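Asker: So the protein lines, in turn, are chains A and B.
Numbering of the first sequence is given in our numbering, commencing with residue 18 and proceeding in unit increments.
Numbering of the second sequence is given in our numbering, commencing with residue 61 and proceeding in unit increments.
Quick one: structure below, then a few questions.
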Amino acid sequence: MFSKREHIAMSKDQHLGELEELALLVVVALGGDAYGVAVQRRLERDGRRRIALGAVYAALDRLQRKGYLTSELGEATPQRGGRRKRMFAATPAGLRELKNVRRTRERLWHTVEAAEGSG
Amino acid sequence: MSRRPPLVPRAVLWLLVPSDRLDEIEGDLLELFQVRLEESGAWRARLRYLHDVLSIIRQRRRLQPVRPMPMSSRPSIGTMFLNAASELKHATRALLQRPSYTLVAALTLALGIGANVAIFTVLNGVLLKPLSFPDSERIVEVHHHAPGLNMAEMQSAPGMVVQYRKNARSLTPMAGALGRQLNLTGGGAPERVRAMAVTPELFDVLATRPAMGRAFTDVDAQKGAAPVVVLMHGLWQSRFGGDPQVIGKTVQVNGQSAEIVGVMPREFVYPDPRTSMLVPLVIDPTSGFGSFGMVGLARLGPGVSLDSARTEITQLQQRIPEWFPGLTRQVLDGFNWSVSVTPLRERVVANVSSTLWILFGTVGLVLLIAGANVANLFLVRAESRQHEFAVRAALGASRGRIATTFLAESLVLATIGGAAGLLLALGAAEMLVAYGPAQVPRLQDVRIDPTVVAFTAVLTLMSAVALGLLPALSVARRPMAATVREGSRGSTSGRARHRLRHLLIVTQVAMALVLLVGSGLMLRSAARLNAVDPGFAIDGVLTAGVSLGSRGDRAQAVNFYHRVLDEVATLPGVEAVGAGSTLPIGATGLTGSNLAIKSKPRAETEVGAFAMYYAVTEGYFETLGVRLLEGRAPAREDSEQQRAVAWVNQTFARQLFDNRAIGDAIRIGDRWLEIVGVVGDIRTFGLREEPRPMAYLPISDTSVGVDVMQLAVRTNGAPSSLATALRAAIDRVDASVPLTAIRTMDDLVSASVAQLSFAMTLLGIAAALSLVLGVVGLYGVISYIVGQRTAEIGIRLALGARPARVRAMILRQGLSVAAIGVVVGLLAALAVTRLMASMLFEVSTRDPLTFVAVALLLTLVSALAIYFPARRASRIDPVGALRQQG
Chain A
18 MFSKREHIAM SKDQHLGELE ELALLVVVAL GGDAYGVAVQ RRLERDGRRR
68 IALGAVYAAL DRLQRKGYLT SELGEATPQR GGRRKRMFAA TPAGLRELKN
118 VRRTRERLWH TVEAAEGSG
Chain B
61 MSRRPPLVPR AVLWLLVPSD RLDEIEGDLL ELFQVRLEES GAWRARLRYL
111 HDVLSIIRQR RRLQPVRPMP MSSRPSIGTM FLNAASELKH ATRALLQRPS
161 YTLVAALTLA LGIGANVAIF TVLNGVLLKP LSFPDSERIV EVHHHAPGLN
211 MAEMQSAPGM VVQYRKNARS LTPMAGALGR QLNLTGGGAP ERVRAMAVTP
261 ELFDVLATRP AMGRAFTDVD AQKGAAPVVV LMHGLWQSRF GGDPQVIGKT
311 VQVNGQSAEI VGVMPREFVY PDPRTSMLVP LVIDPTSGFG SFGMVGLARL
361 GPGVSLDSAR TEITQLQQRI PEWFPGLTRQ VLDGFNWSVS VTPLRERVVA
411 NVSSTLWILF GTVGLVLLIA GANVANLFLV RAESRQHEFA VRAALGASRG
461 RIATTFLAES LVLATIGGAA GLLLALGAAE MLVAYGPAQV PRLQDVRIDP
511 TVVAFTAVLT LMSAVALGLL PALSVARRPM AATVREGSRG STSGRARHRL
561 RHLLIVTQVA MALVLLVGSG LMLRSAARLN AVDPGFAIDG VLTAGVSLGS
611 RGDRAQAVNF YHRVLDEVAT LPGVEAVGAG STLPIGATGL TGSNLAIKSK
661 PRAETEVGAF AMYYAVTEGY FETLGVRLLE GRAPAREDSE QQRAVAWVNQ
711 TFARQLFDNR AIGDAIRIGD RWLEIVGVVG DIRTFGLREE PRPMAYLPIS
761 DTSVGVDVMQ LAVRTNGAPS SLATALRAAI DRVDASVPLT AIRTMDDLVS
811 ASVAQLSFAM TLLGIAAALS LVLGVVGLYG VISYIVGQRT AEIGIRLALG
861 ARPARVRAMI LRQGLSVAAI GVVVGLLAAL AVTRLMASML FEVSTRDPLT
911 FVAVALLLTL VSALAIYFPA RRASRIDPVG ALRQQG
């Protein structure tokens, strides 16, 4: 479909930033219940850091643009004053990318441990 | 603490976040708020809420939904604002990149807007603004009419003012005022000043008291009271140097010592800026009716409406026979007597009102023509950017966005034009005030004030919207995709494309025609006016006022004037000299009344013949070149011996003596005066008026006043060079007598038609402007159309059409559009010129000669404007044209 050059170019833009990686993980972890509030709460709790809602949105939207997430409007609840919530779900591409990232990290950690071990 | 999220951050959210994401974001925020409320309390919750909102606002640009949504989703207000700002920025940049286009458009707009603002400044100052007195809308003038006496306007009389004061409950206070010219001596050179004699109530009617000293009291206004004066600010400065101790000082008024009791505030003007002094007006309540010519000013009582005042005053007229036994119901009906109560402002501006409105309409037309030209420029630009817009539309820009681009450009252009126009108007208004005819009232109130600026802003905005919408309408109607494919070819759709342009041309031509017709009618009026025989010679005559004042008795006055005549006759270059209490084209110093004619006795109740009369010396008619038709001219012996004689003019002789005046007699005062001569008619009331019956008396006759006489001197040199010698001559007779208003007869006559010629000049300028603009516009449009049709024309030529045929075709098509414009213009002119009727003289508003001439002129000029592009079309190189398209 795409020429080799374009493929590499696309890949360049598809890397995950740190917050994006965490957000994507959280979305996967939340399963079917991933929406803005839930992602923010989980990130704050498990990530042990203050994250503003705007940053969360930005990350989720970037992930969506890169094709790693899809979203759709879900049900409304009274706690939201009857407003609907936007639900996110990881795409196969997103899952693949997560696995790539994880493998990369493990490889690097491996190198570090090896260096420490020998040092 | 409330259980709802804080409102202010929410409101900001509403403004700045795209509306399609707003709902879910608000939902998230609300949920979080509730949770935090329970966990950490209200303060924490609100703080985090604020923090979150800020973060969202920071990120809002990234919050565009991924799936391409139709751009018709409404952007938030804040986004619209930002869009507008960026459009304006782009528009400015785009305009700067095309300096010649911007310059031409902005200049054209500046001219159109500037002309309108200039006229509006005058209109506002003269007609629209209330007078500068407190609560001025409640000041009214009471004036009377007697068309049956040939006196449509008589103002008031002392007797009437006294009765109104007693009986009119709706008008309090009421004052009387009379214009006077007085000699001032003492404290400076002898000076003749314009003054108003006013009753003390005037200060209450105008609700203005002197800034220094006091106003007149009832004591001052009694017969035999010590003379006092109140100075206007200007006279205080010019003659008394602004002396702060001027109150209590004395000045000689007409030879009598008068005390200065007050000085009016600087802004106070009544009735015009040339009046420099107020003196008390004595009205003797026992002395009966008095003569007309007094101004009756009053203020509407508290809570009284103009209509109820009118009703009351009209009803009071029924009581006139009760107040003045000589004026019975029958007599009044014979006069066609009526009364009006008119707001003062209307009275002041009455004679210029229609002229100013006509001028306003005229410049409005010029603005429309200029606007049409700029609109054409806009259309050209819009069409050249078709491609760009089509691409933008394909990429998702809405029609609204594209229209905004046009509007932004037109707004920037209109603002530049409007600002420049305001500056132009500043200068133009000053010129209008400086060179405008003196009869225009309230020129001192004409200036650029907030109303004028607001008017400019509105005009600019309207121009921007009109100009911006025009191309937006024409571009938006065509499907975008077709435009991208189309390129610039296509001649069948060409006709439709150019329809808007053709409409603009028709409008321009029509309006130019209306303006030209108006100008033409005025030109013919002026020519007619010029052709009127004034009845006297205009060249070579110098005039001056000699005001002896009221000292001495009549015999001494007669002696004085005779000595003046002798003295002036000895000056070098003087061919003839004479004096009279009125000059032709002056209409001051006249008296009018009903005269009895000896050969036509009438019953007591009949109204007699009405004529006006004034005093003349020997030499008056000769100096002025008035023809002696019958009998003899005035001689010195007539006044030396106080003969009971009189002269009449041709109209009098014809109307009232059946052309047999000599030997008959008229009764003026208590004497019968024998008619000893008939002279030609003099147009005393201006060239436009029909001559009226006039009689002339010797200066010894006490029925006429000789306080002021107008000297007329015929010289074989330039009249103005005689001025100094004249003054010296008067000095030799009596050094304390001021000489005033030294003017040549030529100047006097010009001044009398000044208002008309001023209006004519302005109209002429507007018509010329419109012609130039229209021609330029026509040329531009036809050139453009020829350019668009280059390919088609090239094909025709290549297929063997003769260049002359091509030229003829373009000419024909262009002229047919212009012809429609001419026809529309003629129809419009027929309707509109009716409004000008009051300004014309002996020319019908439908004068066929003018209409036909203008139509021909415009057609010819249009043909010329079309000819050059047509010629260019015939010279198109077919090969080059076709290659261009390929």
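Don't be surprised by glycine CBs; every beta carbon is placed ideally from N, CA and C.
None of the values given here were measured: they were computed from a predicted structure.
Fully enclosed by the region 435-502 of chain B, which alpha helix (DSSP H) runs are 4 residues long or longer?
Answerer: 446-454 and 459-495
Asker: What did DSSP end up calling B:ARG731 once you bin it into helix, strand or coil?
Answerer: strand
Asker: Hey, how far is the Cα of B:VAL518 from the Cα of B:LEU187?
Answerer: 20 Å
Asker: Quick one: is A:THR121 buried, meaning 16 or more other Cβ sit within 10 Å of its Cβ, or exposed?
Answerer: exposed
Asker: Assess, as a yes-or-no matter, whether the region 271-291 of chain B is touched by the region 200-216 of chain B under the definition of 3 or more beta carbon pairs within less than 8 Å.
Answerer: no
Asker: Need the endpoints of the alpha helix (DSSP H) that B:MET582 sits in, please.
Answerer: 559-591
Asker: At the level of alpha carbons, what is the spacing between B:ALA814 and B:PRO497?
Answerer: 6 Å
Asker: Can you pull the chain A residues whose beta carbon is under 7 Å from the beta carbon of B:LEU123, in chain order?
Answerer: TYR74 and ASP78
Asker: Could you name the residues of the region 101-135 of chain A whose beta carbon sits closer than 8 Å to any beta carbon of chain B, in the order they occur along the chain?
Answerer: ARG101, LYS102 and ARG103
Asker: Taking the alpha helix (DSSP H) that B:GLU678 falls in, what are its first and last residues?
Answerer: That residue, B:GLU678, is in no alpha helix (DSSP H); it is neither H nor E in DSSP.
Asker: Using CA atoms only, rank isn't needed, just tell me which of A:PRO95, A:THR108, A:ARG113 and A:LYS116 is closest to B:GLU91.
Answerer: A:PRO95
Asker: For the alpha helix (DSSP H) that B:TYR621 lies in, which residues bound it at each end?
Answerer: 614-629
Asker: Taking only beta carbons into account, state which residues of the region 75-104 of chain B come closer than 9 Å to chain A, listed in chain order.
Answerer: Hits within the stretch, in order: ARG81, ASP83, GLU84, ILE85, GLU86, GLY87, ASP88, LEU89, LEU90, GLU91, LEU92, GLN94 and VAL95.
Asker: For A:LYS83, count neighbouring C-beta atoms within 10 Å of its own C-beta (all shown protein chains included) and say buried if the count is 16 or more, exposed if not.
Answerer: buried
Asker: Can you tell me which of the three DSSP states B:PHE384 falls into?
Answerer: coil
Asker: Along chain B, which residues have their Cβ under 7 Å away from the Cβ of A:VAL54?
Answerer: ASP88, GLU91 and LEU92
Asker: Please confirm if the region 399-407 of chain B is in contact with the region 179-199 of chain B, defined as three or more CB-CB distances below 8 Å between the two stretches.
Answerer: yes
Asker: Taking the beta carbon of B:ARG865 as the centre, do at least 16 other beta carbons fall within 10 Å, making it buried, or is it exposed?
Answerer: exposed
Asker: Tell me, to the nearest whole angstrom, how far the beta carbon of B:LEU360 is from that of B:VAL200; I am working on the premise that it is less than 8 Å.
Answerer: 6 Å
Asker: Which residues does DSSP pair with B:GLU201 in a beta bridge?
Answerer: B:LEU357 and B:THR402
Asker: Classify B:ILE117 as helix, strand or coil using the three-state DSSP reduction.
Answerer: helix
Asker: Less than 9 Å between the C-beta atoms of B:VAL883 and B:LEU581, yes or no?
Answerer: no
Asker: Please report the straight-line C-alpha distance between A:VAL118 and B:LEU439, rounded to a whole angstrom.
Answerer: 58 Å
Asker: If we call anything under 9 Å between Cβ atoms a contact, is B:THR310 one with B:ALA281?
Answerer: Not in contact: B:THR310 and B:ALA281 (Cβ atoms no closer than 9 Å).
Asker: Where do the N-terminal and C-terminal ends of the beta strand (DSSP E) with B:LEU655 fall, by residue?
Answerer: 651-657
Asker: Taking C-alpha atoms, which residue in B:ALA235, B:LEU486 and B:LEU527 lies nearest to B:LEU473?
Answerer: Checking every option, the nearest Cα to that of B:LEU473 belongs to B:LEU527.
Asker: Rounded to whole angstroms, what's the CA-CA distance from B:ILE926 to B:GLY431? Just pull it up for me.
Answerer: 21 Å
Asker: If contacts are defined as beta-carbon pairs under 8 Å, then B:PRO758 and B:SER699 qualify, I think. What distance do you get, rounded to the angstrom?
Answerer: That belief holds up - the Cβ atoms of B:PRO758 and B:SER699 are roughly 4 Å apart, short of 8 Å.
Asker: Take B:THR422 as the anchor and find which of B:LEU829, B:VAL809, B:GLY740 and B:THR464 has the nearest alpha-carbon.
Answerer: Selection B:LEU829, B:VAL809, B:GLY740 and B:THR464 evaluated against B:THR422 yields B:LEU829 as nearest (Cα-Cα).
Asker: Report the neighbours of A:LEU36 on chain B: residues whose CB is nearer than 9 Å to its CB, in chain order.
Answerer: The contacting residues do not exist; A:LEU36 stays about 12 Å from chain B at best.
Asker: So, at 7 Å on beta carbons, what are the nonlocal neighbours of B:THR245 in its own chain, with the 5 sequence-adjacent residues on each side left out?
Answerer: GLN312 and SER796
Asker: Going by other Cβ atoms of all chains shown within 10 Å of its Cβ, with 16 needed for buried, is B:GLN378 buried or exposed?
Answerer: exposed
Asker: Quick one: grab the DSSP three-state call for B:ILE853.
Answerer: helix
Asker: Evaluate contact between the region 333-351 of chain B and the region 171-182 of chain B, counting only Cβ atoms and requiring at least three cross-stretch pairs below 8 Å.
Answerer: no
Asker: For B:ALA572, which residues from the same chain have a beta carbon less than 6 Å from its beta carbon, with the 5 sequence-adjacent residues on both sides left out?
Answerer: SER830, LEU831 and GLY834
Asker: So, is the C-beta of B:ARG441 closer than 9 Å to a C-beta in chain A?
Answerer: no
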